[in-house]
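Novice: If you read the sequences in order, they're chains R and L. Using my numbering, you'd call the opening residue of the first sequence number 1296 and step up by one each time. Using my numbering, you'd call the opening residue of the second sequence number 1011 and step up by one each time. Glycine is no exception: its CB is placed at the ideal position from the N, C-alpha and C atoms.
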Amino acid sequence: MRLGLVIDLDVCVGCHACAIACKQWNASGTIGPLSDYQPYGAEPSGVWFNRIRHYEMDEYPHNKTVNFPMSCNHCEDADCVTVCPTGASYKRAEDGIVLVDQDKCMGCNYCSWACPYGARELDRSSGTMKKCTLCVDRIYDEALAVEDRQPSCVLTCPAHARWFGDFDDPDSQVSRITRERGGFGLMPELGYNPTNQYLPPRRKPVIEVNSQPRSGLKESIKQFANKLVRR
Amino acid sequence: MHPAFSVIFFTVASGAGFGLFSLLFIADTFKLGGGFSQDQLVAGGLVSLGLIVFGLLSSTFHLANPKNAWRAFSRFRTSWLSREGVFAVVFMPLALIYLASIMFDAPLWLRESTGLLAAILAWITVFSTGMIYACLKTIRQWNTPLVPANYLALGYSSGSLLLLLGAVMAGLDTTPYIAMSAFIVSIAAVLKAIYYFWIRDPGLSPTINTATGLTRAKVKLLDTGHTHGTFLTQEFGYQLARSQATLLKVLVFAIGFGLPGLMLVWVFNAQGGQTLAWVAAIAGLLGAAMERWLFFAEARHVVNLYHGAQRC
Ligand code: SF4
Ligand code: SF4
């Protein structure tokens, strides 16, 4: 199995709900807490596994805002794992999930240097490296209903911009949608082979705004009456 | 990259220590300048081991969870950081046996073979230190074979200046030591110059377009999505003004290579002069420390693309 996410950049509305859901679940999950520093102070900061950034593509009037959620890509060739000197970082053979063993990590930051995607953050309170677990403590939980055995972010997304599944299965939803919509991995030139795939914003025809002549009062009354009268 | 002083100190001190040890072994084998006495060799060896141990200890200060530091030896097969630790630890007993066999007049074969092995391991350890950085594909300024070459050249050049100081203090014929220092310092200077020239050109590096996959038009950052800084901005956000970097490069060359070179000429003419040799050794170490600071400060991690950089 090669578990991962598909993120649809065409429909993500940039609401940060997935990041909040992630924080909520994982703060009390297997590698929690996700420490906050000065949460109510002047310089609020803290550990997050999922961050949403916002970009603008092209220039006015052809510009488009693209909201961009990012978390660990659970890369196939994850250098974060190879560089780790303690063996705390590892990639599971059975499903490809990349995890950090909190009991082994010495907090050297080296893995975060090796990650191109900024997916790893050091927790100052525990002194260990933390990152997205793909909700490994949810997706196999048989106490949950089958439809709930998905990462928190995927379940929460109000725009349905996130999908979870097995990329090794060519007929899985994630494989199909990636194929059909031309999904891509980020920064392929570095050769990490990220598992997570992003669906590009669709090319939409430009909507003409002022194409119809403005109708006068008489015309509007006529149209209104037309709607009322039964023929 | 954020320049962490513990790491700068570690790489400079241990590099100089390993360099000093290897060159001391050469000086002993060929009895350069008349040869050091037994006591002097042992003292020099202990200074080099002191630098190495001090450096290794200071490197643990940048760990957030040092109680697990012992585990760092466990991924020898994949991690250069692990390899560096293992090589340094294997080096230690060999170096100690070498020094002991000098002190207790052990048979020559034992002295020479342990010395040679330790010198080779010293070379491999410094190479591994360089590879810790050079193997990262995420930082263009580091991902080049010039990095381990620079680490080795600078370690050996500061080691050679320390050895020259020892030779002056011991009252040996300084000419061979001056020649050795001059040779190594100029190699280090040339390699560093090539490095600075090389990293000026971004070449085929990732851009904000490949980072976001939005390659069909210009992309710019609207909002990073965080209120204040994050771990990522603290660790990778550091940016050095170009004018400042240029100034520091001039200083690296003036203090790290120029001044020691001048002192070498002076020591040669005066046939001695402890103060001059001290100045050379300290300037060499100071230059190496500045070079190391700049090495971190100039490195731009690709994660900066997600924070708005157009190219890294
Ligand atoms: S996204 Fe980063 S942390 Fe996750 S597997 Fe890839 S390299 Fe490792
Ligand atoms: S911070 Fe922890 S997980 Fe990362 S490389 Fe160091 S020991 Fe490994």
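For the segment 1204-1214 of chain L against the segment 1054-1073 of chain L, do three or more pairs of beta-carbon atoms, one drawn from each stretch, fall closer than 8 Å, so that the two count as touching?
Specialist: Segments in contact, no.
Novice: First and last residue of the beta strand (DSSP E) that includes G1299(R)?
Specialist: Your numbering for residue 1299(R) matches position 4 in the first sequence. Segment L1298 to D1303, the beta strand (DSSP E) holding G1299(R).
Novice: Should H1238(L) go down as buried or exposed, given a rule of 16 or more other Cβ atoms within 10 Å for buried?
Specialist: Counting from one through the second sequence, the residue named residue 1238(L) turns up at place 228. Answer is exposed; the Cβ neighbour count stays below 16.
Novice: If we call anything under 8 Å between Cβ atoms a contact, is M1273(L) one with L1261(L)?
Specialist: Here residue 1273(L) refers to the residue found at position 263 when the second sequence is read from its first residue. Here residue 1261(L) refers to the residue found at position 251 when the second sequence is read from its first residue. No, the Cβ-Cβ distance between M1273(L) and L1261(L) is not below 8 Å.
Novice: Mind listing the chain B neighbours of V1361(R)? Cutoff is C-beta to C-beta under 7 Å, in chain order.
Specialist: The question asks about chain B, but that chain is absent: this structure's protein chains are R and L.
Novice: I need the DSSP call for P1270(L), collapsed to helix, strand or coil.
Specialist: Here residue 1270(L) is taken as the residue at index 260 of the second sequence, counted from 1. Correct three-state label for P1270(L): helix.
Novice: Could you name the residues of the same chain whose beta carbon sits closer than 6 Å to that of G1299(R), not counting the 5 residues immediately before and after it, in chain order?
Specialist: Numbered from 1 along the first sequence, position 4 holds the residue referred to as residue 1299(R). Only H1369, F1462, T1490 and N1491 meet the Cβ criterion.
Novice: Who does F1479(R) pair with in a DSSP beta bridge?
Specialist: On the first sequence, residue 1479(R) is found 184 positions in, with the first residue counted as 1. According to DSSP, F1479(R) bridges with Y1493(R).
Novice: From A1199(L) to Y1161(L), what does the alpha carbon distance come to, in whole angstroms?
Specialist: Walking along the second sequence from the start, residue 1199(L) turns up at place 189. Walking along the second sequence from the start, residue 1161(L) turns up at place 151. A1199(L) and Y1161(L): Cα-Cα distance of roughly 12 Å.
Novice: Between which residues of its own chain and Q1280(L) is the CB-CB distance below 8 Å, once the five residues before and five after are set aside?
Specialist: The residue labelled residue 1280(L) in the question sits at position 270 within the second sequence. Here residue 1280(L) turns out to be Ala, not Gln, going by the sequence shown. Around A1280(L): L1286.
Novice: Inspect the beta-carbon positions of L1033(L) and Y1166(L) and report whether they are closer than 8 Å.
Specialist: Taking the second sequence and counting its residues from 1, the one referred to as residue 1033(L) is at position 23. Taking the second sequence and counting its residues from 1, the one referred to as residue 1166(L) is at position 156. Their beta carbons are under 8 Å apart, which means L1033(L) touches Y1166(L) by this criterion.
Novice: Compute the beta-carbon to beta-carbon distance between L1174(L) and A1290(L), rounded to the nearest angstrom, for a pair I have assumed lies under 8 Å.
Specialist: Sequence index remark: in the second sequence, residue 1174(L) carries index 164 (1-based). Sequence index remark: in the second sequence, residue 1290(L) carries index 280 (1-based). Indeed they touch by this definition, with Cβ atoms about 7 Å apart.
Novice: Can you give me, in chain order, the residues of the segment 1375-1390 of chain R that have a beta carbon less than 7 Å from any beta carbon in chain L?
Specialist: Taking 7 Å as the Cβ-Cβ cut-off against chain L, the residues of the segment 1375-1390 of chain R that qualify are T1377, V1378, C1379, P1380, T1381 and G1382.
Novice: Should Y1405(R) be counted as a contact of ligand 2 given a C-beta to heavy atom distance under 7 Å?
Specialist: Within the first sequence, numbered from 1, the residue matching residue 1405(R) stands at position 110. Yes - ligand 2 has a heavy atom lying nearer than 7 Å to the Cβ of Y1405(R).
Novice: Which first and last residues belong to the alpha helix (DSSP H) in which T1000(L) is found?
Specialist: Since the first residue shown for chain L is 1011 and the last is 1322, residue 1000(L) is missing from the structure and cannot be characterised.
Novice: Taking the C-alpha atoms as reference points, what is the distance between L1104(L) and I1036(L)?
Specialist: In the second sequence, counting from the first residue as 1, residue 1104(L) sits at position 94. In the second sequence, counting from the first residue as 1, residue 1036(L) sits at position 26. Each residue's Cα considered, the two are about 16 Å apart.
Novice: May I ask you to check if the CB of Y1143(L) is nearer than 7 Å to at least one heavy atom of ligand 1?
Specialist: One-based indexing of the second sequence puts residue 1143(L) at position 133. No; taking the cut-off as 7 Å, the Cβ of Y1143(L) has no heavy atom of ligand 1 nearer than that.
Novice: Under the rule that 16 or more other beta-carbon atoms within 10 Å means buried, what is S1384(R), buried or exposed?
Specialist: Working through the first sequence from its first residue, we reach residue 1384(R) at position 89. Burial call: buried.
Novice: Run through chain L and tell me which residues come within less than 9 Å of T1423(R), C-beta to C-beta.
Specialist: Against the first sequence, residue 1423(R) aligns to sequence position 128. What T1423(R) touches in chain L: A1074, N1075 and N1078.
Novice: Under a three-way DSSP split, which group does E1514(R) fall into?
Specialist: Within the first sequence, the letter at position 219 stands for residue 1514(R). Helix, per DSSP.
Novice: Buried or exposed for M1113(L), please, with buried defined as at least 16 other CB atoms from any protein chain shown within 10 angstroms of its CB.
Specialist: If you number the second sequence from 1, residue 1113(L) lands on position 103. When all chains shown are included, M1113(L) counts as exposed.
Novice: Measure the C-alpha to C-alpha separation of K1517(R) and P1453(R) and round it to an integer number of angstroms.
Specialist: Sequence index remark: in the first sequence, residue 1517(R) carries index 222 (1-based). Sequence index remark: in the first sequence, residue 1453(R) carries index 158 (1-based). Taking the straight line from one Cα to the other gives about 41 Å.
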